Amino acid sequence: FSGKPSPRTSSFPGRDRASSSAKDRNRFHSRASAALFCHVSLSMLKTTITEWPPGHVRRRSRAAVAGLTAKLICRIVLVMDIAPEQHRSTFGSNPGNPAELLRFFESANLAHFDGFLEVPQLQWNGRLRSCAGRFIPGSRKFLRAVPSIIEIASYLRNEPNADALILDTMAHEMIHYWLWVRRQPFGHTAAFMAKMREMGVSRYNPAPRPRPFRYLYCCAVCGKEFPARKKLGVLACAKCCKAHSNGRYDSRFRLLLYRRLSVDEGLELAHKPR
Numbered sequence: 029f030s031g032k033p034s035p036r037t038s039s040f041p042g043r044d045r046a047s048s049s050a051k052d053r054n055r056f057h058s059r060a061s062a063a064l065f066c067h068v069s070l071s072m073l074k075t076t077i078t079e080w081p082p083g084h085v086r087r088r089s090r091a092a093v094a095g096l097t098a099k100l101i102c103r104i105v106l107v108m109d110i111a112p113e114q115h116r117s118t119f120g121s122n123p124g125n126p127a128e129l130l131r132f133f134e135s136a137n138l139a140h141f142d143g144f145l146e147v148p149q150l151q152w153n154g155r156l157r158s159c160a161g162r163f164i165p166g167s168r169k170f171l172r173a174v175p176s177i178i179e180i181a182s183y184l185r186n187e188p189n190a191d192a193l194i195l196d197t198m199a200h201e202m203i204h205y206w207l208w209v210r211r212q213p214f215g216h217t218a219a220f221m222a223k224m225r226e227m228g229v230s231r232y233n234p235a236p237r238p239r240p241f242r243y244l245y246c247c248a249v250c251g252k253e254f255p256a257r258k259k260l261g262v263l264a265c266a267k268c269c270k271a272h273s274n275g276r277y278d279s280r281f282r283l284l285l286y287r288r289l290s291v292d293e294g295l296e297l298a299h300k301p302r
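Written out as structure tokens, the structure reads:
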């Protein structure tokens, strides 16, 4: 492999560059890394076969190392023969990727990341309520690479401004994905917040849908009410225990089940700030 990257090519892809230029840089770096790794693997294989002394243990070790090296070389040949665009289309054509989510991903990818990010596994999640989306990092193991997953709450499709909410949530999760690709901490770090402000996306879910409360407990002494989504165990009123029992549990202030709540009452209490 010959040729040196120009200063423009050696810069990190995805920063104020066109999408076509980013693809060319990705192709260059992937093939350069593959060629270098292929050269090292062939050197290892040659050393293993020719320079090790004979012997039963050495023969077994030679066979094991030679087999692993052959697998690595086969993997490298695949990487060199397949362009990054084909890798990207392979993930994007996954039947698990809904076309609607793929459209939002490509839109945000071109607008904010210059098309640098490969398409991960995209899917709806019907269990998400308080959070609108979730990013699950993948695996970078060479022989067992697993794509990352971005999940979007399915209830967003029924909201009045569904497209804006889904795009905002997708962009938020893509920042996590972008940081993970760059091998940086992908939580809500300072780099995440800076990129979020640059893109103009929301920090929290703009349209949460919490689960309704089902039960209403109360303290028999002070009468304070405690809504709950499931039946509580042996609990006591913290305010009364701190005032009359030095913060220790006292059965006199145990919470009692007052009544079951209807769906409308539970939703009203769930949306009420506490």
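Numbering (my numbering), first residue to last: 29 to 302.
Positions of the beta carbon are idealized from the N, C-alpha and C atoms, including for glycine.
Quick caveat, the model's predicted, so the values are computed rather than measured.
Hey, out of the options, whose CA is closest to residue i's CA?
{"i": "GLY275", "options": "LEU285, PHE141 and ALA264", "result": "ALA264"}
{"i": "SER290", "options": "GLU253, LEU244 and GLY166", "result": "LEU244"}
{"i": "ARG225", "options": "PRO240, ALA199 and ALA256", "result": "ALA199"}
{"i": "SER182", "options": "TYR232, LEU295, GLY143 and GLY161", "result": "GLY161"}
{"i": "LEU260", "options": "LEU285, GLU253 and PRO238", "result": "LEU285"}
{"i": "ASP292", "options": "PRO240, PRO255, TYR277 and VAL262", "result": "PRO240"}
{"i": "VAL262", "options": "LEU283, MET221, GLY251 and PRO148", "result": "LEU283"}
{"i": "ARG185", "options": "TRP152, LEU171, HIS216 and ARG210", "result": "TRP152"}
{"i": "PHE163", "options": "PHE214, ALA271, ALA222 and LYS223", "result": "PHE214"}
Any idea what DSSP makes of residue i, helix, strand or coil?
{"i": "SER167", "result": "strand"}
{"i": "CYS269", "result": "helix"}
{"i": "TYR277", "result": "coil"}
{"i": "ARG185", "result": "helix"}
{"i": "GLU179", "result": "strand"}
{"i": "LEU150", "result": "strand"}
{"i": "GLY161", "result": "strand"}
{"i": "PRO35", "result": "Only weak support exists for where PRO35 lies, its pLDDT of 46 falling under 50; the coordinates are left without a value."}
Using a Cβ-Cβ cut-off of 7 Å (strictly less than) and excluding sequence neighbours within five positions of residue i, which residues of its own chain qualify?
{"i": "PHE281", "result": "CYS247, VAL249, ALA264, CYS265, CYS268 and CYS269"}
{"i": "LEU150", "result": "ASN125, PRO126, LEU129, LEU130, PHE133 and ILE178"}
{"i": "ALA136", "result": "LEU195, MET198, ALA199 and MET202"}
{"i": "LEU295", "result": "PRO240"}
At a cut-off of 6 Å, would you count residue i as near the ligand PLP, judging by its Cβ distance to the nearest heavy atom?
{"i": "GLY275", "result": "Although the ligand PLP was asked about, the structure shown includes no ligands whatsoever."}
Locate the alpha helix (DSSP H) running through residue i, then write down its first and last residues.
{"i": "ARG225", "result": "218 to 227"}
{"i": "GLU253", "result": "GLU253 -> not in any alpha helix (DSSP H); beta strand (DSSP E) instead, spanning 253 to 256."}
{"i": "TYR232", "result": "It is not in any alpha helix (DSSP H) - TYR232 carries neither H nor E in the DSSP assignment."}
{"i": "VAL262", "result": "Looking at the DSSP string, VAL262 is not in any alpha helix (DSSP H), and its letter there is neither H nor E."}
{"i": "PHE125", "result": "For the sequence presented, residue 125 should be read as Asn rather than Phe. Segment: none, ASN125 is in no alpha helix (DSSP H) and carries neither H nor E."}
{"i": "VAL209", "result": "190 to 209"}
Excluding five sequence neighbours on each side, which residues of the same chain lie with their C-beta closer than 6 Å to the C-beta of residue i?
{"i": "PRO165", "result": "SER176 and TRP208"}
{"i": "PRO236", "result": "SER158"}
{"i": "LEU297", "result": "PHE241 and PRO255"}
{"i": "ARG287", "result": "LEU244"}
Let's see if you can read the secondary structure: which residues bound the beta strand (DSSP E) around residue i?
{"i": "ARG157", "result": "No beta strand (DSSP E) holds ARG157; DSSP gives it neither H nor E."}
{"i": "LEU287", "result": "Residue identity differs from the one stated: residue 287 is Arg in this sequence, not Leu. 283 to 288 is the extent of the beta strand (DSSP E) around ARG287."}
{"i": "LEU244", "result": "243 to 247"}
Near residue i, which residues of its chain fall below 8 Å by C-beta distance, leaving aside the five closest residues on each side in sequence?
{"i": "GLU187", "result": "LEU193 and ALA235"}
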